[in-house]
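Notes for the one structure printed next.
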Amino acid sequence: MRPILLQGHERALTQVKFSKEGDLLFSVSKDHVVCAWYSANGERFGTYKGHQGALWTVDVDPTTTLLATGGADNTLRLWEIKTGKELKRWEFNTSIRRAEFSEDGRQLLGVTEKRQGQLSNIFVYDIVPDVTADQSTDPTLHITVELPRVTVAGFSALSRYIITGHENGSVAQWDAKTGELIKEEFPHEDGMSVTDLQWSSDRTYFITASKDKTAKLIDSETLEVLKTYVADTPLNSAAITPEPTNYVILGGGQAAMDVTTTSARQGKFEARFYHKIFEEEIGRVRGHFGPLNYVAVSPDGKCYCSGGEDGYVRVHHFDPPYFDFRFEVERERERGLQM
Amino acid sequence: MAANVQNIPGRTDWAEDDTEDLATAIPPPQITKNKDGTETIITVFLNEDGKRVKRTQRIRRTVVKKKENPRVAERRQWAKIGPEAGKPAGPRPDTTTLGENIIFRPVMGYKSGQVQEKAPEEDRKAEQLKKMQIKCRICSGDHFTTKCPFKDTMAPEGAEGGAAADLGEDADDTAGAAGAGAGGSNYVPPHLRKGAAGAGGGERMGGKYERDDLATLRVTNVSEFAEESDLREIFERHGRVTRVFLAKDRETGRAKGFAFVSYADRSDASRACEKVDGYGFGHLILKVEFAKKAT
Chain F
1 MRPILLQGHE RALTQVKFSK EGDLLFSVSK DHVVCAWYSA NGERFGTYKG HQGALWTVDV
61 DPTTTLLATG GADNTLRLWE IKTGKELKRW EFNTSIRRAE FSEDGRQLLG VTEKRQGQLS
121 NIFVYDIVPD VTADQSTDPT LHITVELPRV TVAGFSALSR YIITGHENGS VAQWDAKTGE
181 LIKEEFPHED GMSVTDLQWS SDRTYFITAS KDKTAKLIDS ETLEVLKTYV ADTPLNSAAI
241 TPEPTNYVIL GGGQAAMDVT TTSARQGKFE ARFYHKIFEE EIGRVRGHFG PLNYVAVSPD
301 GKCYCSGGED GYVRVHHFDP PYFDFRFEVE RERERGLQM
Chain Y
1 MAANVQNIPG RTDWAEDDTE DLATAIPPPQ ITKNKDGTET IITVFLNEDG KRVKRTQRIR
61 RTVVKKKENP RVAERRQWAK IGPEAGKPAG PRPDTTTLGE NIIFRPVMGY KSGQVQEKAP
121 EEDRKAEQLK KMQIKCRICS GDHFTTKCPF KDTMAPEGAE GGAAADLGED ADDTAGAAGA
181 GAGGSNYVPP HLRKGAAGAG GGERMGGKYE RDDLATLRVT NVSEFAEESD LREIFERHGR
241 VTRVFLAKDR ETGRAKGFAF VSYADRSDAS RACEKVDGYG FGHLILKVEF AKKAT
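Residue numbers (full-length UniProt numbering), protein chains in the order written: chain F, 1 to 339; chain Y, 1 to 295.
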């Protein structure tokens, strides 16, 4: 496969997201710019300008009409994707670390940073999926998180729970209606930050990546760890490929500050592919010159992209061997089904 | 204009004249349908120098249907925004570039540091061979000479004839290959030594290869884009395949156009020979026959 390199950013990428159909790709970086790209050919659709600080997060609603971005300028903004118009701006006391739409796109979640004596907060807003509508200014739910700093968060299936990942490696489950803390688990090593949380296509389970060099597949109902993927480098991101492929993609690499002291090979700046069920590594894709800050898989499973500390987004469209690959047991099972 | 009037005397209406002239100068393109489904289009047009050019194109129309989500199709038509506004469709070279090709093949039991650009089987073989330092005398490949797929078709490097070649000549050749003039001091392989009378018999040892030959098919006219796995897929339908070898160019990595397929059972082989001979694969028709034993 020939990766497509997208050079729309001047600084490290922080998040990349695919639209629901996988045709558009949104990237945010520390250089204040949001870029939208066509994933098929890497053509840039446009940019969304207005933010005054580094951007930490982006999310697109399931109808691909609205885009939410948040960053270090303490704002969470809503954009109309088609025209690039800013529809709404919410301001906070600290920066927004994570923004995510619910499955139906009618709720938007924003996580604020714990800093300057402020605790992490989770704000949930009702969203009208219409570009002409007036979006509400006040959150429908506000959770002040007494736990360590929230790094990642998202809505589980049917917007039942809000799942958060924390700086100390814990994962917590909150009631998305009342904001009550239901459960807290410690799947990752203590003190090792959870760096990413991405959902399976039905949101009944999710994958967390952590600085403790592992990624874990966790049930969103029970917070039970289903699978563990062990890597040899701190991880920044993990993604689950949709059916019919059963893989997870992990991205990471040593911290940006240590990069200059080692060669690219040692830096382990590769996307790692693991089999989702067997937890076994099946391959790597290299290419970045810095750690991978985010990996995202297109919801149709036909391509994935990675955003790196080096400022590049690399879009990879998979080749047939990727889809044909089976473990021996899987092959046998398929044969059994055919007969 | 004046020239036109001169050419066609009797015309007074200049407007009519002009249209008439155009019509005679450029006849509409002729499209004729051929029997094999192709179309021939003959177009006459004026080129940049104002000369009449006749162009004959033979084309085949193939309809490629692609389903696309209407939403995606709609989004593709959106006018670009921001710095991209007003720019033509298609990727811009300042923001979008193509990276170098990456061969990504998922492998069971992947280990870091392992060369990824290889199929798993090849890898295993290569690893074994690394320990043993094997070089084929026929094709310089990484296998035993006896296992060389070209052993039936090619003579060893540096040897002109096959096994039945004149012994003296062979000795000369090997000496030449060694790069030394004096024959006496050079190593001469046992089967080429003068003392080894009837060396022809000792040439190809090992009965197992004979058995192999019996159930081995020679496949020719293979598309150069073929892969071993493709062939295996085709031939596995007719029985258990023990070996598939597709000759590839070492530099380009493309198939050379022939392959050998061995079956565990000879009856399978003969059935496959019958069935697959004449099978259309890629854009070519496969020719399958039993591999000839080396003479």
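Even glycine gets a Cβ: it sits at the ideal position worked out from N, Cα and C. Since the model is a prediction, treat every value here as computed from it, not as a measurement.
Within the segment 124 to 171 of chain F, the complete beta strand (DSSP E) segments of 3 residues or longer fall at 141 to 145, 150 to 155 and 161 to 166, listed in chain order. Along the segment 80 to 97 of chain Y, the positions whose C-beta sits under 9 Å from a C-beta of chain F are K80, I81, G82, P83, E84, A85, K87, A89, G90, P91, R92, D94, T95, T96 and T97, read in chain order.
Each of F:Y312, F:L337, F:D61 and F:Q338 was checked against the Cα of K30 of chain F, and the nearest Cα belongs to F:Y312. If you keep only unbroken beta strand (DSSP E) runs of at least 3 residues inside the segment 35 to 67 of chain F, you get 44 to 48 and 55 to 60. Straight-line spacing of the CA atoms in F45 of chain F and R203 of chain F works out to 29 Å. Y279 of chain Y and F325 of chain F have their C-alpha atoms some 27 Å from each other. Checking the DSSP bridge columns, you'll see N121 of chain F partnered with F:T112 and F:T144. For a Cβ distance threshold of 9 Å, residue set M1, F273, G283, R284, V285, H316, F318, D319, P321 and Y322 of chain F lies close to F104 of chain Y, ordered along the chain. For R240 of chain Y, no Cβ of chain F is located within less than 8 Å of the residue's own Cβ.
Rounded to whole angstroms, the Cβ separation of M1 of chain F and D319 of chain F is 5 Å, and the two are in contact under 8 Å.
Judged by DSSP secondary structure, I4 of chain F falls within the beta strand (DSSP E) whose first and last residues are I4 to L6. Close to chain Y, meaning a Cβ-Cβ distance shorter than 9 Å, are the following residues of the segment 35 to 47 of chain F: C35, A36, W37, Y38, A40, N41, G42, E43, R44, F45, G46 and T47. Between the beta-carbon of E21 of chain F and that of V288 of chain Y there is about 45 Å, and that puts the pair past the 8 Å contact cut.
Taken through DSSP and simplified to helix, strand or coil, T220 of chain Y comes out as strand. Under the DSSP assignment, C305 of chain F falls in the beta strand (DSSP E) whose first and last residues are C303 to G308. At the C-beta level, W56 of chain F and S95 of chain F come within 8 Å of one another. In the structure shown, R266 of chain Y adopts helical secondary structure according to DSSP, grouped into three states.
Looking only at F:S298, F:Y304 and F:G308, the smallest Cα-Cα distance to L292 of chain F is reached by F:G308. Residue F:T64 holds the alpha-carbon nearest to the alpha-carbon of G84 of chain F among F:R272, F:T64, F:H188 and F:L5. From the beta-carbon of V107 of chain Y, the residues of chain F found nearer than 7 Å are I282 and G283.
Straight across, the Cα-Cα distance linking G105 of chain F with P62 of chain F is about 6 Å. Counting along the chain, A73 of chain Y sits inside the alpha helix (DSSP H) bounded by residues P70 to R76. Between the C-alpha atoms of Y125 of chain F and K114 of chain F there is a straight-line separation of about 20 Å.
A direct Cα-to-Cα measurement between I138 of chain Y and T146 of chain Y gives close to 9 Å. Contact annotation: the segment 62 to 77 of chain Y does not touch the segment 2 to 17 of chain F, with fewer than three C-beta pairs closer than 8 Å.
Inclusion of N168 of chain F and G154 of chain F in the CB contact set at 8 Å is not warranted, their separation being larger than that value.
At least one CB of chain Y lies nearer than 8 Å to the CB of F325 of chain F. For Y322 of chain F, the enclosing alpha helix (DSSP H) stretches over residues P320 to D324.
Burial state of E332 of chain F is exposed, judged by a 10 Å Cβ sphere holding fewer than 16 other Cβ atoms. Leaving aside the five residues that flank V241 of chain Y on each side, the residues in its chain whose CB is nearer than 8 Å to its CB run, in chain order, R232, F235, V261, S262, Y263 and A264.
Annotation for L337 of chain F: the continuous alpha helix (DSSP H) segment containing it runs E328 to Q338. Just measuring C-alpha positions, the residue of F:F18, F:S156, F:A296 and F:A133 sitting nearest E221 of chain F is F:S156.
Between the alpha carbons of F26 of chain F and L250 of chain F lies a distance of about 19 Å. Taken through DSSP and simplified to helix, strand or coil, I96 of chain F comes out as strand. Chain F places a beta carbon closer than 8 Å to that of V72 of chain Y, counting this residue as a contact.
For the pair L108 of chain F and E279 of chain F, the Cα-to-Cα distance works out to about 33 Å.
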